[in-house]
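2 protein chains.
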Amino acid sequence: MNASKRIFLAEVREQPAALLTLLEHLDDFVTVGRACAERKPTAVRLVGHGSSDAAASYGVYAFGLLPGWTALRDSISLSVYYGADLDYSSSVVVALSQSGRTPDVVTYVERARERGALTVALTNDPGSELASRAELTLPLAAGEERSVAASKTFFNQLAALALLAGAAAGREEEIWDGLRRTAVVLADAIPELEAAVAPIATAFAYVGRMYVIGRGYELATAREIALKLTETCRVAAEPLTSTDLAHGPIAALDSMFPVWTIASHDPSLPALVEAAARVRAAGATLVASGSAAGEIEGAEWRLPVPAAPLPLLSPLLSVVPGQLFAAALAEAKGFDPDRPERLTKVTLAQ
Amino acid sequence: MNASKRIFLAEVREQPAALLTLLEHLDDFVTVGRACAERKPTAVRLVGHGSSDAAASYGVYAFGLLPGWTALRDSISLSVYYGADLDYSSSVVVALSQSGRTPDVVTYVERARERGALTVALTNDPGSELASRAELTLPLAAGEERSVAASKTFFNQLAALALLAGAAAGREEEIWDGLRRTAVVLADAIPELEAAVAPIATAFAYVGRMYVIGRGYELATAREIALKLTETCRVAAEPLTSTDLAHGPIAALDSMFPVWTIASHDPSLPALVEAAARVRAAGATLVASGSAAGEIEGAEWRLPVPAAPLPLLSPLLSVVPGQLFAAALAEAKGFDPDRPERLTKVTLAQ
Numbered sequence: 015m016n017a018s019k020r021i022f023l024a025e026v027r028e029q030p031a032a033l034l035t036l037l038e039h040l041d042d043f044v045t046v047g048r049a050c051a052e053r054k055p056t057a058v059r060l061v062g063h064g065s066s067d068a069a070a071s072y073g074v075y076a077f078g079l080l081p082g083w084t085a086l087r088d089s090i091s092l093s094v095y096y097g098a099d100l101d102y103s104s105s106v107v108v109a110l111s112q113s114g115r116t117p118d119v120v121t122y123v124e125r126a127r128e129r130g131a132l133t134v135a136l137t138n139d140p141g142s143e144l145a146s147r148a149e150l151t152l153p154l155a156a157g158e159e160r161s162v163a164a165s166k167t168f169f170n171q172l173a174a175l176a177l178l179a180g181a182a183a184g185r186e187e188e189i190w191d192g193l194r195r196t197a198v199v200l201a202d203a204i205p206e207l208e209a210a211v212a213p214i215a216t217a218f219a220y221v222g223r224m225y226v227i228g229r230g231y232e233l234a235t236a237r238e239i240a241l242k243l244t245e246t247c248r249v250a251a252e253p254l255t256s257t258d259l260a261h262g263p264i265a266a267l268d269s270m271f272p273v274w275t276i277a278s279h280d281p282s283l284p285a286l287v288e289a290a291a292r293v294r295a296a297g298a299t300l301v302a303s304g305s306a307a308g309e310i311e312g313a314e315w316r317l318p319v320p321a322a323p324l325p326l327l328s329p330l331l332s333v334v335p336g337q338l339f340a341a342a343l344a345e346a347k348g349f350d351p352d353r354p355e356r357l358t359k360v361t362l363a364q
Numbered sequence: 015m016n017a018s019k020r021i022f023l024a025e026v027r028e029q030p031a032a033l034l035t036l037l038e039h040l041d042d043f044v045t046v047g048r049a050c051a052e053r054k055p056t057a058v059r060l061v062g063h064g065s066s067d068a069a070a071s072y073g074v075y076a077f078g079l080l081p082g083w084t085a086l087r088d089s090i091s092l093s094v095y096y097g098a099d100l101d102y103s104s105s106v107v108v109a110l111s112q113s114g115r116t117p118d119v120v121t122y123v124e125r126a127r128e129r130g131a132l133t134v135a136l137t138n139d140p141g142s143e144l145a146s147r148a149e150l151t152l153p154l155a156a157g158e159e160r161s162v163a164a165s166k167t168f169f170n171q172l173a174a175l176a177l178l179a180g181a182a183a184g185r186e187e188e189i190w191d192g193l194r195r196t197a198v199v200l201a202d203a204i205p206e207l208e209a210a211v212a213p214i215a216t217a218f219a220y221v222g223r224m225y226v227i228g229r230g231y232e233l234a235t236a237r238e239i240a241l242k243l244t245e246t247c248r249v250a251a252e253p254l255t256s257t258d259l260a261h262g263p264i265a266a267l268d269s270m271f272p273v274w275t276i277a278s279h280d281p282s283l284p285a286l287v288e289a290a291a292r293v294r295a296a297g298a299t300l301v302a303s304g305s306a307a308g309e310i311e312g313a314e315w316r317l318p319v320p321a322a323p324l325p326l327l328s329p330l331l332s333v334v335p336g337q338l339f340a341a342a343l344a345e346a347k348g349f350d351p352d353r354p355e356r357l358t359k360v361t362l363a364q
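Which chain is which? The protein sequence lines are D and U, in order. So that you can map any letter, position 62 of the first sequence is 76 in my numbering, and since no number is skipped, the others follow by simple counting. So that you can map any letter, position 86 of the second sequence is 100 in my numbering, and since no number is skipped, the others follow by simple counting.
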């Protein structure tokens, strides 16, 4: 790989700055958060594909824990393909698309809005088709993302969902301040994390299969890290909750099938610790990342991150070792992470 | 593998009979379906792990398309680990567990019931802890399942969800009759399908990675087939929607990374056809299953199934080639599908 083309890696490093830019838009989030709260929604419907869908997994927790609303990664096909006759009148829709051009997400928003939902577009292009179809638009403010593999747009999606959920709960100042401090902590941590992933990438150069394990809000992190490994390193990396692992996939592990665990200091930690013990007993190599990486016994590799200023914000730190590892592993395998095979920046798939 | 121990295969063959037994319990489903309808739920919350969670994916469509209710695979950790303060008073909970002993599913039901949800247990053991904690219980009536890898309990979960959703919509007779005819059609189809999977299993003996692609209600089928391949054949098999595939995973494919597609005659078929074309362009081996297997151009292997009596019931037919293939591939690889590595029939993981 030509070192001058390391766009993906450069964009990973830009994340703290991208977050600080997003935080300049607090007023927009307060306006939209209040509008959502006025709707008194019975459901927040999150839609998106790829990294945007991984971010939606985080939104389930952000809305569940801040305003106490039920949020779901809604089925796009149910309304767009099957024409289900659902009641959206007490729903808020949050549509996630970096480009704002994902076809079925645009169609979903049109249908949900016609049926009475309050529709919010969260996109890096406020002039996009998605933004024009939604009633309200929030900026991702990540700056242009040139690498095909997303990084800073995912990162700002997490932050934006936390900020929107915080504003819906009237707690925007606390979340805003936590995010600001997260940007500072992360900027300090990146150089050391870059150094720490390099030897793991060398050791993993011939790995073709991995599981990435998280639980609770770290499931979003697991989904995004698995997607990075899949698209930039051509590893069959599957995200699983710690409980999913025990209900089947544990059977497939062996010494050439490593498991990446994301362990944070939160109430799901005991489930992660138990899952890691199962992995170890299966003879698989274990990577422990996250703020509680030190709690995972028997890990061959550890990538601890600092504790987040607020527990709910931990995915913004936890995801970064995975992004950096994907960049390093792609290089070790001789792939160009900026231009994965058969992918384009805007996916127009049905 | 000792042929006398082919319990998993025997239980796959038993599925039509298990379904007919379930259909004897129509009255129970009508009673519970009416109770759900009286609640006028704003959300049907489906919870379960492993195969039960795959069945929950089907429930999203069954409730969305029959009574027109929003159903979601709810986050268990949000309430059980994080103590989220959610309003369950207008929710119906359908808790899925073959054994009725899955710890966090039991805890979830307790909390949701305390907070006002109408709780329904769907279990193969009506004397289980789960049944005792839920307000209402529906039988799976699959008979004892002795193989660690589930088959007929998953199959009857699909049927039970369709029947419950049908009863909630006052359409139980139509669904009941469709299911009865499905049992007949499937019983006729199984011998030919068993013969058809054998040569594919031989060709796939050294495969270690696969994707299983479905969309809409066939996503549930994709999830269950991927889980069978993972636990009985130790293949890293990941379920994806056709759209997920285009948003990243397509990059990882090569000639030793085959893709199993589930194509049915329904409105999501064009998305499947498009995804299959991407797979072919990537040089990966393509298996086409489902009632519309003939529509997938360039597939090296085809496993067509008969059309279902009602489109929504197609997963009950689509899943069977995958189950039979898993049994045959396990044998080709020298594994015992009845006793996967490190798994037990009842999973008591956190």
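Where is the CB? At the ideal position from N, CA and C, for every residue including glycine. Since the model is a prediction, treat every value here as computed from it, not as a measurement.
What is the residue span of the alpha helix (DSSP H) that residue i lies within?
i: residue 21(U); result: 21-27
i: residue 332(U); result: 328-347
i: residue 267(U); result: Here residue 267(U) belongs to no alpha helix (DSSP H), and DSSP marks it neither H nor E.
i: residue 134(U); result: Taken as a continuous stretch (DSSP letters only), residue 134(U) belongs to no alpha helix (DSSP H), being part of the beta strand (DSSP E) at 132-137.
Return the CA-CA distance between residue i and residue j, expressed in angstroms with no decimal places.
i: residue 17(D); j: residue 345(D); result: Model confidence at residue 17(D) stands at a pLDDT of 46, short of 50, so the residue's coordinates are unreliable; what they give is reported in the following sentence. If I take the Cα positions, the gap works out to 10 Å.
i: residue 342(U); j: residue 359(U); result: 21 Å
i: residue 118(U); j: residue 274(D); result: 23 Å
i: residue 86(D); j: residue 62(D); result: 12 Å
i: residue 313(D); j: residue 301(D); result: 6 Å
i: residue 182(D); j: residue 154(D); result: 18 Å
i: residue 170(U); j: residue 336(U); result: 16 Å
i: residue 15(U); j: residue 352(U); result: The pLDDT assigned to residue 15(U) is 43, lower than 50, so where the model puts this residue is not dependable, and the model offers no usable value.
i: residue 217(D); j: residue 211(D); result: 10 Å
i: residue 213(D); j: residue 348(D); result: 16 Å
i: residue 215(U); j: residue 361(D); result: 34 Å
i: residue 38(D); j: residue 141(D); result: 19 Å
i: residue 13(D); j: residue 246(U); result: The displayed coordinates of chain D run from 15 to 364. Any statement about residue 13(D) would go beyond what the structure contains.
i: residue 198(D); j: residue 189(D); result: 14 Å
i: residue 354(D); j: residue 244(D); result: 9 Å
i: residue 333(D); j: residue 68(U); result: 27 Å
i: residue 290(D); j: residue 191(D); result: 33 Å
For the beta strand (DSSP E) containing residue i, list its first residue and its last residue.
i: residue 251(D); result: 250-255
i: residue 153(D); result: 150-153
i: residue 59(D); result: 57-61
i: residue 144(D); result: Here residue 144(D) belongs to no beta strand (DSSP E); instead the alpha helix (DSSP H) covers 143-147.
i: residue 276(D); result: 273-276
Residue j and residue i - do their beta-carbons sit closer together than 8 Å?
i: residue 233(U); j: residue 71(U); result: yes
i: residue 144(U); j: residue 108(U); result: no
i: residue 175(U); j: residue 73(U); result: yes
i: residue 254(U); j: residue 276(U); result: no
i: residue 271(U); j: residue 237(U); result: no
i: residue 319(U); j: residue 203(U); result: yes
i: residue 99(U); j: residue 82(D); result: yes
i: residue 369(D); j: residue 149(D); result: Residue 369(D) falls outside the range modelled here, since chain D spans only 15 to 364, and no answer is possible.
i: residue 298(U); j: residue 258(U); result: no
i: residue 282(U); j: residue 328(U); result: no
i: residue 113(D); j: residue 139(D); result: yes
i: residue 185(D); j: residue 36(D); result: no
i: residue 106(D); j: residue 58(D); result: yes
i: residue 125(D); j: residue 93(D); result: yes
i: residue 296(D); j: residue 48(U); result: no
i: residue 330(D); j: residue 172(D); result: yes
Less than 8 Å between the CB atoms is what I'm expecting for residue i and residue j, so what's the real figure, rounded?
i: residue 316(D); j: residue 307(D); result: 5 Å
i: residue 262(D); j: residue 96(U); result: Not really, about 25 Å apart at Cβ, beyond 8 Å.
i: residue 110(D); j: residue 34(D); result: Actually they do not touch by this definition, with Cβ atoms about 21 Å apart.
i: residue 339(D); j: residue 165(D); result: Incorrect: roughly 12 Å between the Cβ atoms, too far for contact.
i: residue 248(D); j: residue 240(U); result: No, residue 248(D) and residue 240(U) are not in contact; Cβ-Cβ is about 19 Å, not under 8 Å.
i: residue 407(D); j: residue 326(D); result: With chain D covering 15 to 364 only, the question about residue 407(D) has no answer from this structure.
In chain C, what lies closer than 8 Å to residue i by C-beta?
i: residue 320(U); result: Structure shown: chain C not included; protein chains present are D and U.
Residues from the segment 51-64 of chain U in contact with chain D, defined by Cβ distance under 9 Å = Against chain D - using a Cβ distance shorter than 9 Å - the residues of the segment 51-64 of chain U are 56, 57, 59, 63 and 64.
Going along the chain, which residues of the segment 21-49 of chain D sit with their C-beta nearer than 9 Å to a C-beta in chain U?
-> Of all residues in the segment 21-49 of chain D, none has a C-beta nearer than 9 Å to a C-beta of chain U.
Quick one: which residues of the segment 72-94 of chain D get their C-beta closer than 7 Å to a C-beta of chain U? List them in chain order.
-> 74, 75, 78, 79, 82, 84, 86, 89, 91 and 92
Against chain U: residues of the segment 327-356 of chain D by CB proximity under 8 Å | 354, 355 and 356
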